[in-house]
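Novice: The numbering of the sequence shown is my numbering, which starts it at 74 and goes up by one. For glycine and all other residues, C-beta sits at the position ideal for the given N, C-alpha and C. Note that the structure is a prediction, hence the values are computed from the model and not measured. I am attaching a structure below and will ask some questions about it afterwards.
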Amino acid sequence: MQLLRRGDLGPAVAELRAMLISQALLPPGPVRDVFDITVEHAVCAFQQRRGLTVDGIIGPVTHQALCDARLRLGDRSLTYSVSHLMRGDDVATLQERLLQLGYDVGRADGVFGPQTERALRSFQRDYGLQVDGLCGPGTLRALRQLGLRIGGGRPVYLREQEQVRQSGPALRGKRIVIDPCHGGPDRGSVVEGVAEADLMWDLAQRLEGRMAATGMETLLSRGPGSSPSEAERAIFANDASADLVLCLHTDANGSPHAQGVATFHFGTGNGTTSTVGEALAGFLQRELVHRTGMLDCGTHPKTWEVLRMTRMPAVRLELGYLTHPHDRGKLLDPAFRDVVAEGILIAVKRLYLLGENDQPTGTFTFADLLRCELAKAE
Ligand SMILES: [Zn+2]
Numbered sequence: 074m075q076l077l078r079r080g081d082l083g084p085a086v087a088e089l090r091a092m093l094i095s096q097a098l099l100p101p102g103p104v105r106d107v108f109d110i111t112v113e114h115a116v117c118a119f120q121q122r123r124g125l126t127v128d129g130i131i132g133p134v135t136h137q138a139l140c141d142a143r144l145r146l147g148d149r150s151l152t153y154s155v156s157h158l159m160r161g162d163d164v165a166t167l168q169e170r171l172l173q174l175g176y177d178v179g180r181a182d183g184v185f186g187p188q189t190e191r192a193l194r195s196f197q198r199d200y201g202l203q204v205d206g207l208c209g210p211g212t213l214r215a216l217r218q219l220g221l222r223i224g225g226g227r228p229v230y231l232r233e234q235e236q237v238r239q240s241g242p243a244l245r246g247k248r249i250v251i252d253p254c255h256g257g258p259d260r261g262s263v264v265e266g267v268a269e270a271d272l273m274w275d276l277a278q279r280l281e282g283r284m285a286a287t288g289m290e291t292l293l294s295r296g297p298g299s300s301p302s303e304a305e306r307a308i309f310a311n312d313a314s315a316d317l318v319l320c321l322h323t324d325a326n327g328s329p330h331a332q333g334v335a336t337f338h339f340g341t342g343n344g345t346t347s348t349v350g351e352a353l354a355g356f357l358q359r360e361l362v363h364r365t366g367m368l369d370c371g372t373h374p375k376t377w378e379v380l381r382m383t384r385m386p387a388v389r390l391e392l393g394y395l396t397h398p399h400d401r402g403k404l405l406d407p408a409f410r411d412v413v414a415e416g417i418l419i420a421v422k423r424l425y426l427l428g429e430n431d432q433p434t435g436t437f438t439f440a441d442l443l444r445c446e447l448a449k450a451e
């Protein structure tokens, strides 16, 4: 898909302006075909509202989100169609309603998959509706009536917490998808010949080695020469029934001053959040900041596809800015990448320890961890 940015002209821009007007992000009026500064501001506002990366540029992710945002619950009948999954904000709203009523749709990811259908059928059965897995006028009426009166927990996030507790503190047997970003022809950010994809591939190997030594099962989301989409990476993790997903990135910025490490978990910014994802992001952020001395850019909720579509807790790490000379220098040092790999592994261990046998941040070593894991295995 062609990117749209400030300065562009033509029918695609006119279509974009019409979409932004329908979202009340641009004032109504005759539709023009110029991507000017007001359009850029509107795009940024939309991206912020949706928890997307705010860059004012229409790429495939922002374009898809704009298409999704056009659909309101009730605009069309919703059902599970294997050949072409329905997606949009109307599906997300349906999923949110079902979640509020206690039906487990997984994440409210805006995609009508088999789990949404099962939840919808259970709802229809429980409320004496026709059990057809189709959200049409009758089901909508029932949902509207109930939605006003009943609120409840978020079973999917409680289930995530319970799974972590039940799976116990040992790392052995836990299945982790390591997701080194980009790949193949897509090099990610490249600064002075240093490519994000290569650095994160190398880090993934270091992490994989350490995890394997503790008895964990690791899967890489891609091979050295391939570059799956975010959605494909999420599907891979779902098919593997992974316990956790760790996405490895470095950041880049037009300003040479931007620097530091940040972590991201699934969350919409208005209260819906993966509690385990958030906890893991916190452990990762603290261990990495402490061990690397990099600037602490915090943990943040995001709706990026790989965080939203995965059915297990997923965290994305942005390990420094390749555009910052100091960060880049550190990342180029293999010993530094070992420190990062170790910090990540310890943070995962902390998640499963649930606060027990705690040691101060930054002091738990790989050797300690191996000793602890092997003692348990005997
Ligand atoms: Zn990246």
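Where in the stretch 165-209 do unbroken runs of the alpha helix (DSSP H), each at least 4 residues long, occur, reported from the N-terminal end onward?
Specialist: 187-199
Novice: Give me, in chain order, the residues of the same chain whose beta-carbon lies closer than 6 Å to that of E290; leave out the 5 immediate sequence neighbours on both sides.
Specialist: R248
Novice: On the DSSP bridge assignment, give the partners of R389 in chain order.
Specialist: C320, F337
Novice: Is L146 closer than 8 Å to L171 when the C-beta atoms are compared?
Specialist: No, Cβ-Cβ distance for L171 and L146 is not below 8 Å.
Novice: For ligand 1, which residues have a Cβ under 5 Å from at least one heavy atom, in chain order?
Specialist: C254, G261, H322
Novice: Output the distance between the C-alpha atoms of G366 and T166, rounded to the nearest integer angstrom.
Specialist: Between G366 and T166, the C-alpha separation is close to 42 Å.
Novice: Among the residues of its own chain, which have a CB less than 8 Å from the CB of L276, if the five just before and after it don't count?
Specialist: P253, L321, L392, R410, V413, A414
Novice: Where does R222 fall in DSSP's three states?
Specialist: Caution applies to R222, whose pLDDT of 47 falls short of 50 and renders its modelled position unreliable; the model cannot decide the point.
Novice: Given that a residue counts as buried once 16 or more other Cβ atoms are within 10 Å of its Cβ, and exposed if not, what is G226?
Specialist: The predicted model places G226 with a pLDDT of 49, which falls under 50 and marks its position as unreliable; any figure quoted below should be read in that light. Answer is exposed; the Cβ neighbour count stays below 16.
Novice: Along the chain, where does the beta strand (DSSP E) that runs through H373 open and close?
Specialist: For H373, the uninterrupted beta strand (DSSP E) segment begins and ends at 369-375.
Novice: Which value, in whole angstroms, describes the spacing of the CA atoms of Q168 and P301?
Specialist: Cα to Cα, Q168 sits roughly 27 Å from P301.
Novice: Could you check what DSSP says for A285 in three-state terms: helix, strand or coil?
Specialist: helix
Novice: Do L395 and R389 come within 8 Å of each other at the CB atom, strictly closer than that value?
Specialist: no
Novice: Bridge partners for G256 per DSSP, in chain order?
Specialist: D259
Novice: Cutting at 8 Å between CB atoms, please list the residues of its own chain near S299, excluding the five before and the five after it.
Specialist: G256, G257
Novice: Find the nearest neighbour of V107 within the set A85, A335, D177, T212, judged by alpha-carbon distance.
Specialist: When C-alpha distances from V107 are compared across A85, A335, D177, T212, the shortest belongs to A85.
Novice: By how many angstroms is the C-alpha of I251 removed from the C-alpha of V362?
Specialist: 20 Å
Novice: Go ahead and pull the three-state DSSP assignment for Q239.
Specialist: Helix, per DSSP.
Novice: Just confirm the distance between the C-beta atoms of R306 and R180, as a whole number of angstroms; I'd bet it's less than 8 Å.
Specialist: Actually they are not in contact, since the Cβ atoms of R306 and R180 sit about 15 Å apart, beyond 8 Å.
Novice: Span of the beta strand (DSSP E) holding L292?
Specialist: 290-293
Novice: Buried or exposed: which applies to G224, given that a residue is buried once 16 or more other Cβ atoms fall within 10 Å of its Cβ?
Specialist: Reliability of the predicted coordinates at G224 is poor, the pLDDT of 43 falling under 50, and the value obtained from them is presented with this limitation in mind. Under this definition G224 is an exposed residue.
Novice: Is the beta carbon of D128 sitting closer than 8 Å to the one on R79?
Specialist: No, the pair does not count as a contact, with Cβ atoms beyond the cut-off.
Novice: Taking 8 Å as the cut-off, decide whether the C-beta atoms of G446 and A243 are in contact.
Specialist: A small fix is needed here, since residue 446 is Glu in this sequence, not Gly. Yes, Cβ-Cβ distance for E446 and A243 is below 8 Å.
Novice: So is P374 buried or exposed if we call it buried at 16+ other beta carbons inside 10 Å?
Specialist: buried
Novice: Contact defined as beta carbons within less than 8 Å: I believe P101 pairs with I94. What is the distance between those atoms, to the nearest angstrom?
Specialist: 6 Å
Novice: Please return the same chain residues whose Cβ sits closer than 7 Å to the Cβ of R222, not counting the five positions on each side in sequence.
Specialist: Below a pLDDT of 50, predicted positions are generally treated as unreliable, and R222, at 47, falls in that range; no measurement from the model is reported.
Novice: Let me know if A315 comes out buried or exposed under the rule of 16 or more other beta-carbons within 10 Å of its beta-carbon.
Specialist: buried
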